[in-house]
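See structure below.
Number of protein chains: 4
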Amino acid sequence: MIEEHFRVRYHEADQMGAVHHAAYITWFEEGRSAFTRAIGYPYAAMEADGMALAITDVAARYHQPARYDEEVIVFTCLAELRSRGMMFTYEVRRAVDNTLLVSGTTKLVSVDRQGTVKRLPDAWREKVAAASLIDGGSVAGEVGL
Amino acid sequence: MIEEHFRVRYHEADQMGAVHHAAYITWFEEGRSAFTRAIGYPYAAMEADGMALAITDVAARYHQPARYDEEVIVFTCLAELRSRGMMFTYEVRRAVDNTLLVSGTTKLVSVDRQGTVKRLPDAWREKVAAASLIDGGSVAGEVGL
Amino acid sequence: MIEEHFRVRYHEADQMGAVHHAAYITWFEEGRSAFTRAIGYPYAAMEADGMALAITDVAARYHQPARYDEEVIVFTCLAELRSRGMMFTYEVRRAVDNTLLVSGTTKLVSVDRQGTVKRLPDAWREKVAAASLIDGGSVAGEVGL
Amino acid sequence: MIEEHFRVRYHEADQMGAVHHAAYITWFEEGRSAFTRAIGYPYAAMEADGMALAITDVAARYHQPARYDEEVIVFTCLAELRSRGMMFTYEVRRAVDNTLLVSGTTKLVSVDRQGTVKRLPDAWREKVAAASLIDGGSVAGEVGL
Numbered sequence: 001m002i003e004e005h006f007r008v009r010y011h012e013a014d015q016m017g018a019v020h021h022a023a024y025i026t027w028f029e030e031g032r033s034a035f036t037r038a039i040g041y042p043y044a045a046m047e048a049d050g051m052a053l054a055i056t057d058v059a060a061r062y063h064q065p066a067r068y069d070e071e072v073i074v075f076t077c078l079a080e081l082r083s084r085g086m087m088f089t090y091e092v093r094r095a096v097d098n099t100l101l102v103s104g105t106t107k108l109v110s111v112d113r114q115g116t117v118k119r120l121p122d123a124w125r126e127k128v129a130a131a132s133l134i135d136g137g138s139v140a141g142e143v144g145l
Numbered sequence: 146m147i148e149e150h151f152r153v154r155y156h157e158a159d160q161m162g163a164v165h166h167a168a169y170i171t172w173f174e175e176g177r178s179a180f181t182r183a184i185g186y187p188y189a190a191m192e193a194d195g196m197a198l199a200i201t202d203v204a205a206r207y208h209q210p211a212r213y214d215e216e217v218i219v220f221t222c223l224a225e226l227r228s229r230g231m232m233f234t235y236e237v238r239r240a241v242d243n244t245l246l247v248s249g250t251t252k253l254v255s256v257d258r259q260g261t262v263k264r265l266p267d268a269w270r271e272k273v274a275a276a277s278l279i280d281g282g283s284v285a286g287e288v289g290l
Numbered sequence: 291m292i293e294e295h296f297r298v299r300y301h302e303a304d305q306m307g308a309v310h311h312a313a314y315i316t317w318f319e320e321g322r323s324a325f326t327r328a329i330g331y332p333y334a335a336m337e338a339d340g341m342a343l344a345i346t347d348v349a350a351r352y353h354q355p356a357r358y359d360e361e362v363i364v365f366t367c368l369a370e371l372r373s374r375g376m377m378f379t380y381e382v383r384r385a386v387d388n389t390l391l392v393s394g395t396t397k398l399v400s401v402d403r404q405g406t407v408k409r410l411p412d413a414w415r416e417k418v419a420a421a422s423l424i425d426g427g428s429v430a431g432e433v434g435l
Numbered sequence: 436m437i438e439e440h441f442r443v444r445y446h447e448a449d450q451m452g453a454v455h456h457a458a459y460i461t462w463f464e465e466g467r468s469a470f471t472r473a474i475g476y477p478y479a480a481m482e483a484d485g486m487a488l489a490i491t492d493v494a495a496r497y498h499q500p501a502r503y504d505e506e507v508i509v510f511t512c513l514a515e516l517r518s519r520g521m522m523f524t525y526e527v528r529r530a531v532d533n534t535l536l537v538s539g540t541t542k543l544v545s546v547d548r549q550g551t552v553k554r555l556p557d558a559w560r561e562k563v564a565a566a567s568l569i570d571g572g573s574v575a576g577e578v579g580l
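These protein sequence lines map, in sequence, to chains A, B, C and D.
Residue numbers are given in my numbering: position 130 of the first sequence equals residue 130, and the series is strictly consecutive.
Count along the second sequence starting at 1, add 145, and that's the number in my numbering.
Count along the third sequence starting at 1, add 290, and that's the number in my numbering.
Count along the fourth sequence starting at 1, add 435, and that's the number in my numbering.
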């Protein structure tokens, strides 16, 4: 599980005075960015290698609102790893009291520059295995998504 | 079912050359805006009356990417109406060939200015009933969400 | 001068209850998109041809706030056309009463896929000339930006 | 001068592969947020006190593109302080080599909850004076904006 800390930006709050529900989805993405930096294969490097991760599914549940200028933490877990994709789960918490604000999941598939689904780069799976960052400590077998 | 047509904006596409997955969530919201205008109780009027709809759950599935400048259509259905909330379903389609790009759902609860969950304004349910815009033609009973 | 009409989206307003100042900058961009469609050389086609317009300068003055769900009009003028760039001016007005909300300018240069400044495609200047859409009716000479 | 460090988020880059020009405008805003925290009167506290700063003018010049995942620094200076407003200047630099990416200015006026221009709260000017954060070390006189 990887933690990413930051403050809520002013423009992320809407006229209800709370962070707009779509903004949290971009925070999940920054959780994934932090995850890939943590395993030593940053997503920017993966893109430079000609591969990308395309989102196929997003789900989020909103528990409590985040407010402008609050410090929040995005906790990111790799919940499932397959030959051509993966699933992450997320929790967004208020830093000061650890209150759960939003939870969610995303599913992604590995694609090349033309958008064709391809096996994940070996580097990706090796780095994840080395970092022991798959939940439960084991990597799922070569079951196609 | 309500249709909302518009073109993909330049800044909505990311460096993969397709609309960023969080942007579609804001399109769902514009689908709801169009829905509330269609029933004659625009969401802006509901807010002026001191009530709001807070998102509790979002889910989206991504089928095909939307591209900059394409005309898209957001189809919005009220799938479930309860005393203190509702569920909408959405389909985003490419206008030129009706290809399904993204499908999704959102659940919302009715809240007052303090964020306390409250019964939906009568105006809301009366307008929906008058417009026959609930899927299947019937409005669910007074079952609390 | 080209007009583009649309409604203010919910997420574009911030917790002051007015459209966030950065959102108008994206509206200027949609004004440009409409301009390029109007001359018959849509920006998407220019990108497909391997050329792009990179922003070098933006300026905006905020007169009155736009509000959620209001219909607004973006008026876009090509104020200056040079061999390797151009300047646009914009006015955002509230549709119902023509009130000026925001005015602004952007300067852009023509770049290839590597980001190197290049002469504007001939198609661009021919289409603009044919459409008589340069302000004052004349196109500036081949003075480098 | 106040420094704010962060990494470029994935969704901030557009399909040219560089940060979209409107995103930097939101970074300027986070520079201001950091400035107000540094003087001990965070903007969130000012809003809680019933006052806000409304943007009247923005200008930005784009020198070099920022890219996804790069660490950037926003340098924020209070360039002018008046009785009812102020001007900030900004520089966005790439952290790794200090390259200037974007420079800009914003002018703001102090408004109450109804949007009426009002004198800046005394707290604001006292905190700025105490922090010696006005450029050149002196605060401009009581000249109305």
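Where is the CB? At the ideal position from N, CA and C, for every residue including glycine.
Remember, predicted model here, so these are calculated numbers, not experimental data.
Neighbourhood of Y213/B in chain C, by CB distance below 7 Å: A334, in chain order.
In the three-state DSSP reduction, S323/C falls in the helix class (H, G or I). Rounded to whole angstroms, E148/B and E360/C show a C-alpha spacing of 19 Å.
Within 7 Å of the CB of H11/A, the CB atoms of chain D belong to T461 and E464, in sequence order along the chain. Excluding the 5 residues flanking it on each side, M521/D has same chain C-beta neighbours closer than 7 Å at L513, E515 and L543, in chain order. The beta carbon of V153/B lies closer than 7 Å to those of V164, A211, R212, Y213, D214, E215 and V217 in the same chain, with the five residues before and after it left out. For Y188/B, there is no enclosing beta strand (DSSP E); the residue is part of the alpha helix (DSSP H) that begins and ends at Y188 to A193. Per the C-alpha coordinates, the member of D267/B, E192/B and H208/B positioned closest to N243/B is H208/B. Counting along the chain, the unbroken alpha helix (DSSP H) around R270/B starts and ends at D267 to A276.
Residues of chain D whose Cβ lies closer than 8 Å to the Cβ of I345/C are, in chain order, H456 and Y497.
In the DSSP assignment, K252/B falls within the unbroken beta strand (DSSP E) covering L245 to D257. Short of 7 Å from the beta carbon of A349/C, and not among the five residues preceding or following it, lie these beta carbons of its own chain, in chain order: G394 and T395.
Contact between T379/C and F325/C is absent: CB atoms are separated by about 11 Å, not below the 8 Å threshold. Looking at the backbone, the Cα of A45/A and that of E30/A are separated by about 15 Å.
S373/C is outside the set of residues whose beta carbon lies under 8 Å from a beta carbon in chain B. Secondary structure of I474/D (DSSP, three-state): coil. Cα atoms of L120/A and A312/C: separation of roughly 37 Å, rounded to the nearest angstrom. A residue is called buried once 16 or more other Cβ atoms fall within 10 Å of its Cβ, and T116/A, having fewer, is exposed. Residues of chain A whose Cβ lies closer than 8 Å to the Cβ of D304/C are, in chain order, Y10, H11, A13, D14 and Q15.
In this structure D402/C is not in contact with G307/C, their Cβ atoms being roughly 43 Å apart against a cut-off of 8 Å. Spanning the alpha carbons of A565/D and D347/C requires a straight line of approximately 35 Å.
A distance of 8 Å or more separates the beta carbons of K127/A and I25/A. A distance of 8 Å or more separates the beta carbons of H440/D and A558/D. Chain B places no beta carbon closer than 8 Å to that of A130/A, leaving this residue out of the contacts.
The bridge partners DSSP lists for R519/D come to none.
Here the alpha carbons of F463/D and D304/C stand approximately 16 Å from one another. As the crow flies, the alpha-carbon of K553/D is around 9 Å from that of S518/D.
In the DSSP assignment, the residues bridged to T379/C are C367/C and T395/C.
V237/B is the residue among Q259/B, L246/B and V237/B whose C-alpha sits nearest the C-alpha of M146/B. Around P42/A, the same chain offers T36 as residues with beta carbons nearer than 7 Å, after the five sequence neighbours per side are excluded. When Cβ-Cβ separations below 8 Å define contact, F510/D makes no contact with chain A. Counting other Cβ atoms within 10 Å of its Cβ, S132/A stays below 16 and is therefore classed as exposed. Distance from the CA of S33/A to the CA of L53/A, rounded to the nearest whole angstrom, comes to 11 Å. Collapsing the DSSP output to three states places T56/A in a strand.
Counting along the chain, H5/A sits inside the beta strand (DSSP E) bounded by residues I2 to R7. Proximity of chain D to S33/A at the Cβ level (cut-off 9 Å) is accounted for by R442, R444, Y445, Y503 and D504, in chain order.
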